[in-house]
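Quick note, the sequences are listed as chains A and B, same order.
Letter by letter, the first sequence follows residues 80 to 259 in my numbering.
Letter by letter, the second sequence follows residues 14 to 290 in my numbering.
Contents: one structure, followed by commentary.
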Amino acid sequence: MIKLFRIILYFIVFIYSLIIFLPKENLFFYIINQLENEKIFLNYTKSEDKFLKFRLDNIEIEYDDIKIAQISKIKIENYFFYNQITIKNIISDNSLQTFIPRTISNIKVIYSILDPLDINIKIDSRLANAIGTIDIINKKLSLVLNISKKFQKRYPMIIKNLKFKEKTNKGGKYSYEYNF
Amino acid sequence: MNIIFNKIITFFIPLSFVIIFAYAIDTGLYLYLPKSKSVKLDIKDIAVQYKKYNIKKAFKEHKKKIKIVKQQKKSIKPEYQLLSQIVLKAIYATTNSKHGWIIISEKNINKTYILSVGDLFKKYKLIDVFPKYVLFKKYNKISKVLLDNTKIKTKYTYTQNAHIKNDVIFQDNTYKLRKTILEKYIQNPKQIWNNISIKEIKRNGKIDGFKVLGLRRGSIFDKLGLQKGDIIKEVNNIKLKSYANALLFYKKIKKIKNIHLLILRDNIEMELDYEIK
């Protein structure tokens, strides 16, 4: 019993050591370089590597030399049993505001060992909220969106791609599915 | 005391090895991963004009001489021999001279023939259709036939001319779109959706162009030659395979000097070209 306890303990220590010593910024450089092959460019002003956390500030996203959006903070928290990515204040470029919402205040992507087959997503913005999951095995993204009347009026192109579910006091409930 | 010390040692030594092992793995990973992100070259003007390389210009020869060269180039415009035995009665031209059809007849014979680009008539192959003339090719020799304006006035005019006002100008066989009109739409993109309704077309679950569901008559899109049912496949060689591609073109539009549309009309691919003035 003590031996089994020891093995589990060593395993946990090994995993946490791996996370702590992980060259997080270099890993992020690798991701950025890979994204550049898809013409997506990420620029940021500050990065912070803490033991189990990695944080980026003032990120600018460009697609094929065109500024798409600015993000004030991306925080990646890695606790092995519970992992979370938080993206705060996504502001899309002025010229795109007729096509996509101007601001998304918060996006949370959570992966927990208690639900190993799904990645949970939560999106908050002034005009719409969404909760959804990514089914890892079936490679499917499902979102349920609560959309305000203002959003419905402003972004008809987005509404066209959503499936209407029910009417609510504030606007409507929609669903979106995407297989990748 | 010794027993406790031994127990601690036997517990911590393997633990420290585990930590060192994890550190070694991460060090290996560090050596493999890039040490910095690649530097992006800042190219400010993306609308680079492609010109033929002129060695004389490279070495800054006298400007006057260059002017003379330009004038000579202008005079080199091919002058085709006029075909007198063919009477051109009507033209249906598109913005691409390689598409279109014509109605012709032989001189002093009333029988008419309808030809489209590529068709043969008395060994003359129709190669280009322009709004006021057409070009035929026979044994590598190109001949020109002008539209018989004396008999036909408005009945067989170029289809788009009916709508053209000041926004789209036809000049030197190319369509020129006013930049101010384009800027008007950029500043007020809502007007786009008031004038045109489009929907993505999906093939195997992926976007494969945008279909024109409807457009307002007399709008800029109507003047650009778009029709209901057209599927826009490419804009300036950007394949419209996602909304991001469409937005990419929208963002670039201010710097663009030419618009090239590849559309699918009745399952036939067509190209529409415009110059922004």
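Even glycine gets a Cβ: it sits at the ideal position worked out from N, Cα and C.
All of these numbers come straight from a predicted model, not from anything done at the bench.
Applying the criterion that 16 or more other CB atoms from any shown protein chain within 10 Å of the CB defines a buried residue, is residue i buried or exposed?
{"i": "phenylalanine 234 of chain B", "result": "buried"}
{"i": "lysine 50 of chain B", "result": "buried"}
{"i": "lysine 236 of chain B", "result": "buried"}
{"i": "threonine 167 of chain B", "result": "Low confidence applies here, because threonine 167 of chain B scores a pLDDT of 35, under 50, leaving its location unreliable and the question unanswered by this model."}
{"i": "glutamate 127 of chain A", "result": "exposed"}
{"i": "isoleucine 120 of chain A", "result": "The sequence shown places phenylalanine at residue 120 of chain A, not isoleucine. It counts as buried."}
{"i": "proline 195 of chain A", "result": "exposed"}
{"i": "glycine 238 of chain B", "result": "buried"}
{"i": "glutamate 256 of chain A", "result": "exposed"}
{"i": "lysine 197 of chain B", "result": "exposed"}
{"i": "proline 235 of chain A", "result": "exposed"}
{"i": "glutamine 85 of chain B", "result": "The predicted position of glutamine 85 of chain B is uncertain, since its pLDDT is 43 and thus under 50; no value can be drawn from it."}
{"i": "glutamate 282 of chain B", "result": "exposed"}
{"i": "tyrosine 263 of chain B", "result": "buried"}
{"i": "aspartate 39 of chain B", "result": "buried"}
State yes or no: is the beta carbon of residue i nearer than 9 Å to at least one beta carbon in chain B?
{"i": "asparagine 258 of chain A", "result": "yes"}
{"i": "lysine 239 of chain A", "result": "yes"}
{"i": "serine 96 of chain A", "result": "yes"}
{"i": "aspartate 136 of chain A", "result": "no"}
{"i": "aspartate 143 of chain A", "result": "yes"}
{"i": "methionine 236 of chain A", "result": "yes"}
{"i": "phenylalanine 243 of chain A", "result": "no"}
{"i": "leucine 88 of chain A", "result": "yes"}
{"i": "phenylalanine 93 of chain A", "result": "yes"}
For chain A, is any of its Cβ atoms less than 9 Å away from the one on residue i?
{"i": "threonine 40 of chain B", "result": "yes"}
{"i": "leucine 28 of chain B", "result": "yes"}
{"i": "valine 31 of chain B", "result": "yes"}
{"i": "isoleucine 89 of chain B", "result": "Note that isoleucine 89 of chain B has pLDDT 46, beneath the 50 cutoff, so the model's placement of it is unreliable and no number is given."}
{"i": "glycine 218 of chain B", "result": "yes"}
{"i": "isoleucine 199 of chain B", "result": "yes"}
{"i": "serine 232 of chain B", "result": "no"}
{"i": "isoleucine 165 of chain B", "result": "In this prediction, isoleucine 165 of chain B has a pLDDT of 46, which is less than 50 and means its spatial position is unreliable; nothing more can be read from the coordinates."}
{"i": "serine 51 of chain B", "result": "yes"}
{"i": "alanine 35 of chain B", "result": "yes"}
{"i": "tryptophan 114 of chain B", "result": "no"}
{"i": "phenylalanine 24 of chain B", "result": "yes"}
{"i": "proline 47 of chain B", "result": "yes"}
{"i": "tyrosine 43 of chain B", "result": "yes"}
{"i": "tyrosine 256 of chain B", "result": "yes"}
{"i": "lysine 224 of chain B", "result": "no"}
{"i": "lysine 252 of chain B", "result": "no"}
{"i": "lysine 236 of chain B", "result": "no"}
{"i": "lysine 246 of chain B", "result": "no"}
{"i": "lysine 212 of chain B", "result": "yes"}
For the putative contact between residue i and residue j, defined by C-beta atoms under 8 Å, what is the C-beta separation to the nearest angstrom?
{"i": "serine 156 of chain B", "j": "glutamine 94 of chain B", "result": "5 Å"}
{"i": "lysine 132 of chain A", "j": "isoleucine 155 of chain A", "result": "7 Å"}
{"i": "asparagine 217 of chain A", "j": "tyrosine 190 of chain A", "result": "So it is not a contact: roughly 16 Å between Cβ atoms."}
{"i": "leucine 148 of chain B", "j": "isoleucine 272 of chain B", "result": "Actually they do not touch by this definition, with Cβ atoms about 25 Å apart."}
{"i": "asparagine 105 of chain A", "j": "proline 47 of chain B", "result": "6 Å"}
{"i": "lysine 241 of chain B", "j": "leucine 228 of chain B", "result": "6 Å"}
{"i": "glutamate 245 of chain A", "j": "lysine 252 of chain A", "result": "5 Å"}
{"i": "tyrosine 36 of chain B", "j": "phenylalanine 100 of chain A", "result": "5 Å"}
{"i": "lysine 146 of chain A", "j": "asparagine 137 of chain A", "result": "Not confirmed; about 13 Å, so no contact."}
{"i": "tyrosine 142 of chain A", "j": "lysine 118 of chain A", "result": "6 Å"}
{"i": "lysine 246 of chain B", "j": "leucine 277 of chain B", "result": "6 Å"}
{"i": "isoleucine 92 of chain A", "j": "isoleucine 32 of chain B", "result": "Note that residue 92 of chain A is valine in the sequence shown here, rather than isoleucine. Confirmed, Cβ separation roughly 7 Å."}
Are residue i and residue j close, meaning C-beta to C-beta below 9 Å?
{"i": "lysine 12 of chain B", "j": "isoleucine 289 of chain B", "result": "Chain B is shown only over 14 to 290; residue 12 of chain B falls outside these bounds and no answer can be derived."}
{"i": "serine 221 of chain A", "j": "threonine 212 of chain A", "result": "yes"}
{"i": "glycine 222 of chain B", "j": "isoleucine 244 of chain B", "result": "yes"}
{"i": "isoleucine 117 of chain B", "j": "tyrosine 105 of chain B", "result": "no"}
{"i": "threonine 165 of chain A", "j": "lysine 129 of chain A", "result": "no"}
{"i": "lysine 136 of chain B", "j": "tyrosine 146 of chain B", "result": "no"}
{"i": "isoleucine 202 of chain A", "j": "isoleucine 210 of chain A", "result": "yes"}
{"i": "alanine 148 of chain A", "j": "aspartate 172 of chain A", "result": "yes"}
{"i": "leucine 193 of chain A", "j": "phenylalanine 160 of chain A", "result": "yes"}
{"i": "isoleucine 211 of chain B", "j": "serine 232 of chain B", "result": "no"}
{"i": "lysine 249 of chain A", "j": "asparagine 225 of chain A", "result": "yes"}
{"i": "proline 180 of chain A", "j": "arginine 134 of chain A", "result": "no"}
{"i": "tyrosine 256 of chain B", "j": "isoleucine 220 of chain B", "result": "yes"}
{"i": "glutamate 119 of chain B", "j": "isoleucine 140 of chain B", "result": "no"}
{"i": "valine 158 of chain B", "j": "serine 110 of chain B", "result": "no"}
Residues from the region 145-165 of chain A in contact with chain E, defined by Cβ distance under 7 Å = Judged by its chain identifiers, the structure shown contains no chain E, and its protein chains are A and B.
Selection of the region 97-121 of chain A by Cβ proximity to chain B, strictly under 7 Å = Leu97, Phe100, Leu101, Pro102, Asn105, Leu106, Phe108, Tyr109, Ile111, Asn112, Glu115 and Phe120
task = Residues of the region 198-231 of chain A with a CB closer than 7 Å to any CB of chain B: list them in chain order, please.
result = none
query = Using Cβ-Cβ distances below 7 Å, what residues of the region 169-189 of chain A are close to chain B?
reply = Ser174, Leu175, Thr177 and Phe178
query = Along the region 259-288 of chain B, what residues have a CB closer than 8 Å to any CB found in chain A?
reply = Leu260, Leu261, Tyr263, Lys264 and Lys265
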